[in-house]
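Per the numbering used here, residue 45 is the first one in the sequence shown, and the count goes up by one each step.
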Amino acid sequence: MRKPSLQTVIGIALLLIVVLGFIFVLYYFGMISLFYLLGIEYRSLWSLAWFVILFLVSGVIIEMITKSLIYTVVPKVKRYSLQKVCEITIQFVFIFPLIHFLERLFTSITIPVVTQAALAFLIVTIETLIENKDYTKRNKPI
């Protein structure tokens with residue numbers, strides 16, 4: 045087996061940086077838009093950037109937990125609409141405390157509790173609609 049060249053390693057690292065940067069930019073501007081729509085106050089763009097970074101990092105951990113719960117519970121529900129309600133509920137139960145914790149951590153960002161719930165619901169709903177997975181087809185034979 046050949047050893048990878050330095051150019052290959054640098055190229056893959058740059059590609060990874062570009063992809064992660066693109067994901068951050070999407071979430072960052074999305075959060076700015078949601079914060080503006082919901083009337084959430086923040087003192088600086090840097091505090092919002094750190095909020096988004098911590099939200100993304102901890103969101104990856106929460107995503108692993110929620111996906112395992114979703115793949116366990118949701119396929120047992122027969123109706124597609126109830127599957128979506130279950131999926132959104134499971135994700136909301138984990139995202140809302142995360143947003144509440146981050147709001148308490150950052151004193152420069154003020155989010156009322158009702159708005160935290162609305163923000164969590166919007167984020168979860170948008171992610172669910174983008175993914176749009178049907179769990180009824182998973183266990184059926186071909």
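Glycine is no exception: its CB is placed at the ideal position from the N, C-alpha and C atoms.
Model, not experiment: these values are computed from the prediction.
When you compare the CB positions of residue i and residue j, do they come within less than 8 Å of one another, or not?
{"i": "T172", "j": "K120", "result": "no"}
{"i": "F95", "j": "I167", "result": "no"}
{"i": "Y71", "j": "F79", "result": "no"}
{"i": "F99", "j": "L149", "result": "no"}
{"i": "M75", "j": "L92", "result": "yes"}
In the DSSP assignment, find the unbroken alpha helix (DSSP H) run with residue i in it and report its ends.
{"i": "P141", "result": "124 to 149"}
{"i": "V118", "result": "Segment: none, V118 is in no alpha helix (DSSP H) and carries neither H nor E."}
{"i": "I155", "result": "It is not in any alpha helix (DSSP H) - I155 carries neither H nor E in the DSSP assignment."}
Checking the sheet assignment: what are the DSSP bridge partners for residue i?
{"i": "Y80", "result": "DSSP output for Y80 lists no bridge partner at all."}
{"i": "E85", "result": "T154"}
For the candidate residues the options, whose alpha-carbon lies nearest to that of residue i?
{"i": "G83", "options": "T159, K177, G103, F165", "result": "T159"}
{"i": "I105", "options": "I139, Y115, S77", "result": "I139"}
Report all residues from its chain with a CB closer than 6 Å to the CB of residue i; omit the five preceding and five following residues, and keep chain order.
{"i": "I186", "result": "Because I186 carries a pLDDT of 48, less than 50, the predicted location of this residue cannot be relied on, and no value is offered for it."}
Here's a check: name, in chain order, each residue in its chain whose Cβ is nearer than 7 Å to the Cβ of residue i, leaving out the five neighbours to either side.
{"i": "T110", "result": "I134, Q135, F138"}
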